[in-house]
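Going by numbering that gives the first Met the number 0, the sequence shown opens with residue 0, and the numbers climb by one from there.
Cβ atoms here follow ideal geometry from the backbone N, Cα and C, with glycine treated the same way.
All values reported here derive from a predicted model rather than from experimental measurement.
Down below is the structure, laid out as structure tokens.
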Amino acid sequence: MSPLPVSPPHDPHDPSRTAPAGRESEYRRLHHALDRCAAGAGSVIVLHGSVGSGRSDLLYAFTDTAAERGVQVLVGTGSPLEREFPLGLARQLLQGADLAPEEAATAEALLAEGAASGTVPVPSDRPAGRLTQRVLEGLFRLVRGLAERAPVLIAVDDRQDADPQSLEFLLYLVRRTRGTGVLTVLSSRETMTPAHPLFEVELARQPHHQHIRLDLLGTELVAEVLRTRLGAAAAERHAAEAHALTGGNPLLVHSLVADQERAGSPGTLVVGEGYRRGLMHCLHRIDPLALHYARGVAVLGTGATPDLLAELLLLAPDALPRALYLLHAAGLFRDGGFRHPTAAGDLLAAMRPLELAALHQRAGRLLRAAGATAATVDGHARVAEGHLRSSLGPAPAAEAGDPGAALPEFGGGAGAWEVPGPGSVTAEEAAAEDEDEDEVAEEGAGATGGFGPVPDHALQLWSGRAPAGPAVECVPTLPGTVTDADTALRHELKRLRHHFWHGRIDEGTAALARFEAVPGQAVHTEPLRHWLAYWYPALLPNPARRTGPHDGATADRGDGMRLLAALLAGAVSPEDAVVHAELVLRAGRLGGVRTESLTAALTVLLYADRADRATHWCAPLAERAGARCGAHWNALKAALRAEAALRQGDLRSADEAGRAAFAHVRPEAWGVAVGLPLATMAAARTALGLHQDAAHFLELATPAGLEHTPAGLHHRYALAGHRLALGRAEQALADYRACGDTMARWGVDHLPAIAPWRLGAARAQLALGRPGSAAALADQQLARLGPVGHPRIRGLALRIRAAAGGPAERTELLERAVGLLEEAGAESELSAALGELSEAHQHDGDPGRARRADRRVRRTPALAVVPVRPPAPAPVSLLPTSPLPTSLLSVPPLPVAGRPLPVAAPVPEGTAGGLSEAEGRVAELAARGLSNRDIARKLYITVSTVEQHLTRVYRKLGARRRVDLARLLGPVPSGAADGTPPRPAFPRRADLVAG
0 MSPLPVSPPH
10 DPHDPSRTAP
20 AGRESEYRRL
30 HHALDRCAAG
40 AGSVIVLHGS
50 VGSGRSDLLY
60 AFTDTAAERG
70 VQVLVGTGSP
80 LEREFPLGLA
90 RQLLQGADLA
100 PEEAATAEAL
110 LAEGAASGTV
120 PVPSDRPAGR
130 LTQRVLEGLF
140 RLVRGLAERA
150 PVLIAVDDRQ
160 DADPQSLEFL
170 LYLVRRTRGT
180 GVLTVLSSRE
190 TMTPAHPLFE
200 VELARQPHHQ
210 HIRLDLLGTE
220 LVAEVLRTRL
230 GAAAAERHAA
240 EAHALTGGNP
250 LLVHSLVADQ
260 ERAGSPGTLV
270 VGEGYRRGLM
280 HCLHRIDPLA
290 LHYARGVAVL
300 GTGATPDLLA
310 ELLLLAPDAL
320 PRALYLLHAA
330 GLFRDGGFRH
340 PTAAGDLLAA
350 MRPLELAALH
360 QRAGRLLRAA
370 GATAATVDGH
380 ARVAEGHLRS
390 SLGPAPAAEA
400 GDPGAALPEF
410 GGGAGAWEVP
420 GPGSVTAEEA
430 AAEDEDEDEV
440 AEEGAGATGG
450 FGPVPDHALQ
460 LWSGRAPAGP
470 AVECVPTLPG
480 TVTDADTALR
490 HELKRLRHHF
500 WHGRIDEGTA
510 ALARFEAVPG
520 QAVHTEPLRH
530 WLAYWYPALL
540 PNPARRTGPH
550 DGATADRGDG
560 MRLLAALLAG
570 AVSPEDAVVH
580 AELVLRAGRL
590 GGVRTESLTA
600 ALTVLLYADR
610 ADRATHWCAP
620 LAERAGARCG
630 AHWNALKAAL
640 RAEAALRQGD
650 LRSADEAGRA
660 AFAHVRPEAW
670 GVAVGLPLAT
680 MAAARTALGL
690 HQDAAHFLEL
700 ATPAGLEHTP
710 AGLHHRYALA
720 GHRLALGRAE
730 QALADYRACG
740 DTMARWGVDH
750 LPAIAPWRLG
760 AARAQLALGR
770 PGSAAALADQ
780 QLARLGPVGH
790 PRIRGLALRI
800 RAAAGGPAER
810 TELLERAVGL
820 LEEAGAESEL
830 SAALGELSEA
840 HQHDGDPGRA
850 RRADRRVRRT
860 PALAVVPVRP
870 PAPAPVSLLP
880 TSPLPTSLLS
890 VPPLPVAGRP
900 LPVAAPVPEG
910 TAGGLSEAEG
920 RVAELAARGL
930 SNRDIARKLY
940 ITVSTVEQHL
950 TRVYRKLGAR
960 RRVDLARLLG
970 PVPSGAADGT
980 PPRPAFPRRA
990 DLVAG
């Protein structure tokens with residue numbers, strides 16, 4: 000290693016070696032370490048400071064000086080956006096190294112190998128990924144080779160955001176560089192908790208480790224900065240005030256000085272755009288918890304107590320001191336608040352309006368409960384209302400005398416347009432809500448409640464974790480036990496809902512009439528009437544029909560149940576309903592929205608044909624499950640998640656969520672709502688070819704009033720799909736038409752996603768060989784959809800239309816269907832449409848486009864895998880007995896008018912379809928889209944054996960490619976040697992979901 004000249008005595012005012020203002024002592028310590036490095040004594044130095052402390056300026060000023068002295072400088076910067084790139088920081092360091100060509104090739108190979116091994120998951124408490132000894136040692140030798148030629152400075156900025164594999168390399172390096180000419184300087188920002196605590200501990204254990212903390216600048220150093228840039232007079236005049244405004248934060252100091260330079264010499268200290276931008280930069284780069292705390296202070300002011308702040312922000316009280324420390328340590332706070340009066344407003348202005356409105360509403364509630372003045376509470380209400388208006392857009396002009404025209408004041412009645420803030424219900428309200436849910440869920444648990452006995456074989460189909468209910472039906476209240484008027488009213492309304500929940504329509508209607516006959520009581524039943532508008536659409540007039548389309552859209556934005564009633568009444572379009580439902584669900588993530596409103600908003604997404612969005616929202620809302628929410632909420636959420644998964648073709652998730660629904664609440668305690676999870680489970684089992692299981696779900700006894708509810712409609716639609724899968728097309732057609740009659744009678748036929756009966760009837764017509772009738776039904780459905788919206792229903796209708804139409808229009812229709820189904824996220828139907836599009840391209844003489852469609856089919860995520868040969872089914876009591884198909888998928892590819900489905904080539908007699916049992920198992924799984932490796936894992940055989948079986952299958956069936964198997968596994972001759980009953984044409988793996 001060539002000697003490095005020892006640096007001369009350092010002069011902080013020498014322009015060639017000027018340290019950042021106020022950092023001369025730290026700069027000098029770095030140069031002393033560099034001198035020792037030149038003498039062959041390596042070290043590792045950690046620069047640590049708060050946001051805006053000037054770490055980066057100091058580091059890069061030092062690297063510039065080191066480079067001037069002939070040091071090889073390797074620089075890298077951590078970034079949150081690159082934290083998941085294995086060895087990304089190490090690659091940055093080596094890209095700046097002076098490597099020979101062969102060394103550069105070695106470095107590239109080692110980095111590639113390390114990046115590949117670094118993708119292996121590791122425990123979260125480890126500081127690095129699983130790099131091999133070969134990679135670590137190889138990279139170290141490259142750095143040591145550089146140090147043999149000249150001293151090496153490794154400078155890493157924002158180390159807290161580095162990828163773990165690079166940190167492992169750095170630890171490996173610093174353990175071995177104490178006696179080499181390698182100086183490592185790591186800059187990191189102060190956070191609530193270290194991102195890699197074990198890295199910190201291991202680094203501090205090294206004997207050549209040094210720690211340099213960058214503190215805030217004192218008043219004298221701030222004055223020095225002002226003197227250097229503004230002159231002595233300005234420094235003397237403004238130093239104390241500048242320090243008070245900035246707290247000595249170097250970034251804020253320089254930003255404030257820049258404001259003075261732009262303003263000239265006004266004589267007073269100017270707080271301009273530079274200071275305000277610098278402050279926002281610091282706040283948004285500080286620890287997220289500290290930023291959250293600062294927002295709470297901005298809303299409540301400096302007089303807020305810690306308990307009130309913790310309630311507002313939903314933080315544990317012991318987390319507040321640490322957040323407050325970070326804000327003070329960075330010079331952003333003084334005495335618990337901002338240093339400049341514009342800071343709070345600037346910080347809140349950077350928030351999204353809806354989040355800010357939620358925060359102010361929660362603050363208003365907490366302040367009201369704490370005894371704040373009415374003016375203070377109303378002030379928060381007005382601010383929240385303003386932000387709500389700005390986020391939701393201007394409300395349509397109201398008709399004169401319209402009671403819903405104006406927004407209610409804060410804390411209004413049931414019709415308040417309100418987006419609650421985080422956790423906006425009190426503990427007492429949350430307990431009461433859970434009590435309501437659990438009481439409704441457990442009423443009648445273990446008793447008849449309108450049910451017949453539950454068959455044992457059906458109870459075995461879901462897990463046995465359901466809570467055991469009481470032995471007798473619960474009574475909402477005991478006579479004479481309620482004295483408080485408000486509590487008595489709440490229990491009376493609960494009793495009314497109890498009747499309808501268990502299908503006792505006559506009793507409920509009479510009780511409702513008696514209750515509303517009392518003067519002044521009718522106003523309290525408006526929420527109940529909105530609830531009944533969904534559960535019993537034909538029982539009472541829908542309250543939402545009293546408003547026009549625009550008024551309904553405005554009035555129902557903040558309440559999921561009102562929004563659902565408005566959607567059913569046609570008072571809001573499906574597209575607008577999706578927007579408003581997501582606003583409700585977004586507010587629900589923060590808390591404070593009743594669970595009934597959340598489940599209604601999820602239902603809105605399903606009925607607006609956006610199952611993909613419903614699936615998206617189910618996961619974050621699951622955070623509300625647990626102690627805060629009752630079994631009934633968890634069960635309903637699971638049932639809606641199962642229905643959303645079913646509509647997207649995710650049968651495994653649908654089955655798991657359906658089981659979870661019955662694990663939370665047993666079927667006899669579900670009331671009339673039981674029809675939804677039963678229908679979903681039956682449809683999923685039908686799609687998987689488990690027809691006996693599906694029949695068990697469908698034959699469960701249900702409450703007498705089920706047929707008057709949407710849950711009953713779902714149940715009838717699932718029954719129709721089950722019958723169609725069993726080849727009972729005439730019965731299925733009658734069921735689908737009955738669903739249509741019900742929807743027309745209820746006035747909800749404008750929402751085909753509830754139960755797309757026209758498409759189901761069209762599929763039944765195709766099965767009956769009536770393509771003309773099928774095409775007419777599909778065209779009718781398309782015409783009723785309008786020009787926009789309903790991507791899944793529109794795509795399904797186009798697919799049916801293509802199957803029923805002629806070859807000339809088939810390709811174009813299927814291409815449109817593929818685009819719509821892709822937009823809707825309906826993976827199973829998309830895969831089926833792609834398979835049919837491939838056939839259409841082949842028929843058109845375009846094998847290239849056919850191959851591209853085939854490749855897209857193979858890239859579509861595989862669906863749930865079920866046993867290849869299920870046990871022989873027992874007779875199904877629900878339906879006329881008939882041999883059940885052995886195919887595990889329920890719905891064959893849609894027959895194409897004018898062209899029969901291809902059948903298998905002639906095969907030798909004495910075998911089942913010419914295939915051995917092992918070949919048949921492999922062929923069926925391959926036709927479903929499984930890879931060779933997946934098939935081998937499923938059947939416990941080797942990949943080579945799978946390949947050999949497939950080679951024989953292709954030869955016997957005359958197949959050329961994998962996708963051909965789905966259509967070539969056609970009907971087995973009735974005289975098959977193994978006695979297998981006739982089987983319909985084997986469908987593609989994605990033809991799973993009926994309608």
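Under three-state DSSP, which class holds Gln-259?
Indexing the sequence shown from 1 puts residue 259 at position 260. Helix.
Excluding the 5 residues flanking Leu-229 on each side, which residues of the same chain have their C-beta closer than 8 Å to its C-beta?
Translated into the one-based positions of the sequence shown, residue 229 becomes position 230. Once the five neighbours on either side are set aside, the close Cβ partners of Leu-229 are His-237, Val-256, Gln-259 and Glu-260.
Could you check if Pro-666 is buried or exposed, using at least 16 other CB atoms within 10 Å of its CB as the buried criterion?
Stepping through the sequence shown from its first residue, residue 666 is reached at position 667. The residue in question, Pro-666, is buried, as its Cβ has 16 or more Cβ neighbours within 10 Å.
Taking the alpha-carbon positions, what's the His-707 to Val-578 distance?
Within the sequence shown, the letter at position 708 stands for residue 707. Within the sequence shown, the letter at position 579 stands for residue 578. Distance between the alpha carbons of His-707 and Val-578: 29 Å.
For Leu-135, count the other beta carbons within 10 Å of its own beta carbon; 16 or more makes it buried, fewer makes it exposed. Which is it?
If you number the sequence shown from 1, residue 135 lands on position 136. It counts as buried.
Span of the alpha helix (DSSP H) holding Val-134?
Against the sequence shown, residue 134 aligns to sequence position 135. 132-148 is the extent of the alpha helix (DSSP H) around Val-134.
Is it buried or exposed for Ser-943, if we count other Cβ within 10 angstroms and need 16 for buried?
The sequence position of residue 943 within the sequence shown is 944, counting from 1. Result: exposed.
Can you pull the DSSP bridge partners for Thr-183?
By one-based count along the sequence shown, residue 183 stands at place 184. Note: Thr-183 sits in a beta bridge opposite Val-43 and Ile-153.
For the candidate residues Leu-29, Glu-147 and Ser-24, whose alpha-carbon lies nearest to that of Gln-1078?
A question about residue 1078 goes unanswered here, because the residues of the chain that appear run from 0 up to 994.
From Val-747 to Glu-491, what does the alpha carbon distance come to, in whole angstroms?
The residue you call residue 747 lines up with position 748 of the sequence shown. The residue you call residue 491 lines up with position 492 of the sequence shown. Their Cα atoms are separated by approximately 30 Å.
Could you please give me the residues that DSSP links to Phe-337 through a beta bridge?
Here the question's residue 337 lines up with position 338 in the sequence shown. For Phe-337, which the question treats as bridged, DSSP gives the partners Phe-332.
For Thr-192, which residues does DSSP report across the bridge?
Counting from 1 along the sequence shown, the entry for residue 192 is found at position 193. None; Thr-192 has no bridge partner.
By the DSSP assignment, the alpha helix (DSSP H) with Ile-504 in it spans what residues?
Indexing the sequence shown from 1 puts residue 504 at position 505. Here the alpha helix (DSSP H) through Ile-504 covers 504-516.
Quick check: does the Cβ of Trp-756 come within less than 7 Å of any heavy atom belonging to the ligand ATP?
Questions concerning the ligand ATP fall outside what the structure shown contains, since it holds no ligand whatsoever.
What three-state label does DSSP hand Arg-646 in the structure shown?
Position 647 of the sequence shown, counting from 1, holds the residue named residue 646. Here Arg-646 sits in helix by DSSP.
Bridge-paired residues (DSSP) for His-208
Residue numbering aside, residue 208 sits at position 209 when the sequence shown is read from its first letter. According to DSSP, His-208 bridges with Val-43.
Residue range of the beta strand (DSSP E) that Gln-71 falls in?
Walking along the sequence shown from the start, residue 71 turns up at place 72. Note, Gln-71: beta strand (DSSP E), 71-76.
Arg-809 - containing alpha helix (DSSP H), residue span:
In the sequence shown, counting from the first residue as 1, residue 809 sits at position 810. Per DSSP, Arg-809 belongs to the alpha helix (DSSP H) from 806-823.
So the alpha helix (DSSP H) Asp-214 belongs to, where does it begin and stop?
If you number the sequence shown from 1, residue 214 lands on position 215. From DSSP, Asp-214 is part of no alpha helix (DSSP H); its letter is neither H nor E.
Range covered by the alpha helix (DSSP H) that runs through His-359
Counted from its first residue, the sequence shown places residue 359 at position 360. From DSSP, the alpha helix (DSSP H) with His-359 extends over 352-368.
Sub-8 Å separation of Ile-211 and Val-181 beta-carbons:
Along the sequence shown, read from residue 1 onward, the residue named residue 211 stands at position 212. Along the sequence shown, read from residue 1 onward, the residue named residue 181 stands at position 182. Taking 8 Å as the Cβ cut-off, Ile-211 and Val-181 do not qualify as a contacting pair.
In or out: Ala-1019 buried (at least 16 other Cβ within 10 Å) or exposed?
The structure shown does not extend to residue 1019, since the chain spans only 0 to 994, so no value can be given for it.
Classify Val-1051 as buried or exposed, calling it buried when 16 or more other Cβ atoms lie within 10 Å of its own Cβ.
In the structure displayed, the chain extends from 0 to 994; residue 1051 sits before or after that span and is not available.
If I measure Cβ to Cβ from Val-224 and keep anything under 6 Å in the same chain, skipping five residues before and after, which residues do I get?
Locating residue 224 in the sequence shown gives position 225, counting from the first residue. If we look at Val-224 and ignore the five residues flanking it on each side, its Cβ neighbours are Ala-20 and Val-252.
Alpha carbon to alpha carbon, how far is Glu-240 from Leu-290?
For the purposes of this step, residue 240 is identified with residue 241 of the sequence shown, where counting begins at 1. For the purposes of this step, residue 290 is identified with residue 291 of the sequence shown, where counting begins at 1. One C-alpha to the other measures close to 25 Å.
Cutoff 6 Å; reference Pro-573; Cβ partners in own chain excluding five residues on either side
As a position in the sequence shown, residue 573 is number 574, starting the count at 1. The answer, listed in chain order, is Ala-607 and Gly-788.
Would Leu-358 and Ser-186 be called neighbours here (beta carbons separated by less than 8 Å)?
Here residue 358 is taken as the residue at index 359 of the sequence shown, counted from 1. Here residue 186 is taken as the residue at index 187 of the sequence shown, counted from 1. Not closer than 8 Å, so no.
Residue from Gly-559, Leu-86 and Leu-538 whose Cα sits closest to the Cα of Glu-506
Reading the sequence shown from its first residue, position 507 is the one you call residue 506. When only C-alpha atoms are compared, the closest one is Leu-538.
Is it true that the CB of Arg-798 sits closer than 8 Å to the CB of Leu-784?
As a working note, residue 784 is residue 785 in the sequence shown. As a working note, residue 798 is residue 799 in the sequence shown. Not a contact, by the Cβ cut-off of 8 Å.
In the structure shown, what three-state DSSP assignment does Leu-914 receive?
Working through the sequence shown from its first residue, we reach residue 914 at position 915. Three-state DSSP puts Leu-914 in a strand.
For Asp-156 and Pro-305, the rounded distance between their alpha carbons:
Along the sequence shown, read from residue 1 onward, the residue named residue 305 stands at position 306. Along the sequence shown, read from residue 1 onward, the residue named residue 156 stands at position 157. Each residue's alpha carbon lies about 35 Å from the other.
Arg-727 to Leu-718, Cα distance in whole Å?
Here the question's residue 727 lines up with position 728 in the sequence shown. Here the question's residue 718 lines up with position 719 in the sequence shown. Distance between the alpha carbons of Arg-727 and Leu-718: 11 Å.
So, does the stretch 558-571 touch the stretch 741-759, judging by three or more C-beta pairs under 8 Å?
yes
Judging by CA-CA distance, which residue of Asp-649, Gln-691 and Ala-641 is the nearest neighbour of Ala-678?
Here the question's residue 678 lines up with position 679 in the sequence shown. Measuring from the Cα of Ala-678, the nearest candidate turns out to be Ala-641.
Gly-48, DSSP secondary structure in three states
Your numbering for residue 48 matches position 49 in the sequence shown. Gly-48: strand per DSSP, three-state reduction.
Decide if the stretch 199-214 is in contact with the stretch 283-301; the criterion is three or more beta carbon pairs, one per stretch, under 8 Å apart.
no
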